[in-house]
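What follows is one structure encoded as structure tokens, with my remarks underneath.
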Amino acid sequence: MLKNVVKDKYERPILSLRITITNRCNENCIYCHHDGMDSSKDEMTPDEMYTISKIAKKIGVRKIRLSGGDPLVRKDIVEIVEKIASIGFKDISLTTNGVLLKKYAQDLKDAGLNRVNVSLDTLNRDTYKYLTNMDYLNEVKSGILKAVEVGLYPVKINMVIMKDVNVHEIKEMFEFCKEHGIILQLIELIESENCDDDEFSAEHHYPLDSIEKELADIADKVHERKFMQGRKKYYIGDGEIEIVKPVDNAKFCASCSRLRITPDGKIKPCLLRNDNLVELISHIREGKSEKELEEIFLNGINKREPFNKEN
Ligand code: SAM
84 MLKNVVKDKY
94 ERPILSLRIT
104 ITNRCNENCI
114 YCHHDGMDSS
124 KDEMTPDEMY
134 TISKIAKKIG
144 VRKIRLSGGD
154 PLVRKDIVEI
164 VEKIASIGFK
174 DISLTTNGVL
184 LKKYAQDLKD
194 AGLNRVNVSL
204 DTLNRDTYKY
214 LTNMDYLNEV
224 KSGILKAVEV
234 GLYPVKINMV
244 IMKDVNVHEI
254 KEMFEFCKEH
264 GIILQLIELI
274 ESENCDDDEF
284 SAEHHYPLDS
294 IEKELADIAD
304 KVHERKFMQG
314 RKKYYIGDGE
324 IEIVKPVDNA
334 KFCASCSRLR
344 ITPDGKIKPC
354 LLRNDNLVEL
364 ISHIREGKSE
374 KELEEIFLNG
384 INKREPFNKE
394 N
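Take the sequence shown: its letters are residues 84 to 394, numbered as in the numbering used here.
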């Protein structure tokens, strides 16, 4: 039973908030969908993010996720986490490419970050360079190990699966994860018009259904995560693998419990739409009261519609 939680008009509770804290990134991934990003150069300050998180907490949000761009390119990332953590959330997590993780892991842990997802599609240096246009594989690996060492838990690796690129590396990546107590998340490549190379996703898309079947056969236990869009988690020996399927479907929408904030401080009621954003940051900058800001938040929630509805 969920207490003190605001629900939208489709009875979906709002349990988590993803704040995209910057558009800037220090990698240039060939397949990136630039999800959550926009074209603005404006960024929110740590105090502004604190205010937003405080209102979120008031309306019942339990979890905060920070994303980007890459959140670690913000020099004030530790201060951002510290301010948000002081409010008292059940969970604060961050998604990063890991390039700067070694430098920040301990300070982030001390600031109150609970856990981290690190994007890593390959353990092969040439493939890494091809995918990211950068040569940071060693930095990312040592960042991941540092995150484990300082006790960010769980550490998850986000591996986007691509035909003829890294499908054959899943086993090796799973072994790496098991060795270090990391959860492996396999992500289905999403076609994206924002992608720099629009041929890429068509050519390399690999449906995860066949992989799921194999995992189901060998798993000791399978768990379906209700408020995480019904994602399945497979327990295999002492390892864990989660499957992240494309979001453009009714099942994803029916269990969506997440509200989003764009880098320039707008409420984004739906991951798949940009035409119903609700202005927030200018109201904070004008000095609106907490009560007024709460109303704006509720207005954003009121605009939530499942993008895909069940038949
Ligand atoms: N820079 C951070 C990072 O690398 O994790 C956060 C932003 S990144 C856009 C967030 C996640 O989206 C990463 O795990 C990335 O692999 C995934 N992603 C990006 N483009 C994708 C696509 N076309 N299909 C599936 N996942 C994608």
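Quick reminder that beta carbons are idealized off the backbone N, C-alpha and C, glycines included.
These numbers were taken from a predicted model, which means no experiment stands behind them.
{"Item": "Between which two residues does the alpha helix (DSSP H) holding R95 run?", "Value": "Neither: R95 is in no alpha helix (DSSP H) and is coded neither H nor E."}
{"Item": "Reducing DSSP to helix, strand and coil, say where E373 ends up.", "Value": "helix"}
{"Item": "Determine the contact status of L342 and I384, defining contact as a CB-CB distance below 8 Å.", "Value": "yes"}
{"Item": "Which same chain residues end up closer than 6 Å to K90 when comparing Cβ atoms and leaving out the 5 residues on each side of it in sequence?", "Value": "P96"}
{"Item": "Please determine if the region 350–362 and the region 290–307 are in contact, where contact requires at least 3 C-beta pairs separated by less than 8 Å.", "Value": "no"}
{"Item": "On the DSSP letters alone, give me the boundaries of the alpha helix (DSSP H) that D300 sits inside.", "Value": "292–301"}
{"Item": "Under 8 Å: do the region 164–181 and the region 128–148 share three or more Cβ pairs, one atom per stretch?", "Value": "yes"}
{"Item": "Is the beta carbon of T210 closer than 8 Å to that of D180?", "Value": "Looking at the sequence itself, residue 180 is Asn, so the reference to Asp does not match. Cβ atoms of N180 and T210: not closer than 8 Å."}
{"Item": "Flag this pair as touching only if the region 322–340 and the region 368–378 have three or more C-beta atom pairs under 8 Å; answer yes or no.", "Value": "no"}
{"Item": "Is there contact between the region 186–200 and the region 157–173, where contact requires at least three CB pairs shorter than 8 Å?", "Value": "yes"}
{"Item": "State the start and end residues of the unbroken beta strand (DSSP E) segment that holds M242.", "Value": "238–244"}
{"Item": "Closer than 7 Å: is that where the CB of L272 sits relative to any heavy atom of the ligand SAM?", "Value": "yes"}
{"Item": "Report yes if the C-beta of N180 is less than 7 Å from at least one heavy atom of the ligand SAM; otherwise report no.", "Value": "yes"}
{"Item": "Can you check whether the CB of C108 is closer than 8 Å to the CB of G151?", "Value": "yes"}
{"Item": "With a floor of 4 residues, list each alpha helix (DSSP H) that falls wholly inside the region 108–168, ordered by position along the chain.", "Value": "129–141, 160–168"}
{"Item": "Just to check my reading of the structure: L184 and K229 have Cβ atoms closer than 8 Å, yes? What is that Cβ distance to the nearest angstrom?", "Value": "6 Å"}
{"Item": "Give the single residue among Y236, R356, V156 whose Cα lies nearest to the Cα of P389.", "Value": "R356"}
{"Item": "Alpha carbon to alpha carbon, how far is A299 from K239?", "Value": "20 Å"}
{"Item": "Select from E286, L214, G322, D118 the residue whose C-alpha is nearest the C-alpha of E262.", "Value": "G322"}
{"Item": "Buried or exposed for R208, please, with buried defined as at least 16 other CB atoms from any protein chain shown within 10 angstroms of its CB.", "Value": "exposed"}
{"Item": "What does the alpha-carbon distance come out to for the pair F335 and S202?", "Value": "21 Å"}
{"Item": "Just to confirm the assignment, what range does the beta strand (DSSP E) spanning H288 have?", "Value": "Run containing H288: none; DSSP gives neither H nor E here."}
{"Item": "Decide if L214 is buried, meaning its Cβ has at least 16 other Cβ atoms within 10 Å, or exposed.", "Value": "buried"}
{"Item": "CB of N332 to nearest heavy atom of the ligand SAM: below 7 Å?", "Value": "no"}
{"Item": "Looking only at DSSP bridge pairs, what is I102 linked to?", "Value": "L149, I344"}
{"Item": "Are there any heavy atoms of the ligand SAM lying less than 7 Å away from the beta-carbon of D118, as far as the coordinates show?", "Value": "yes"}
{"Item": "Under DSSP, the beta strand (DSSP E) around T215 begins and ends at which residues?", "Value": "Where T215 is concerned, there is no enclosing beta strand (DSSP E), although the alpha helix (DSSP H) it sits in stretches over 208–215."}
{"Item": "With a threshold of 7 Å (Cβ to nearest heavy atom), would Y213 be considered close to the ligand SAM?", "Value": "no"}
{"Item": "If you run the structure through DSSP and keep just helix, strand and coil, what is N87?", "Value": "coil"}
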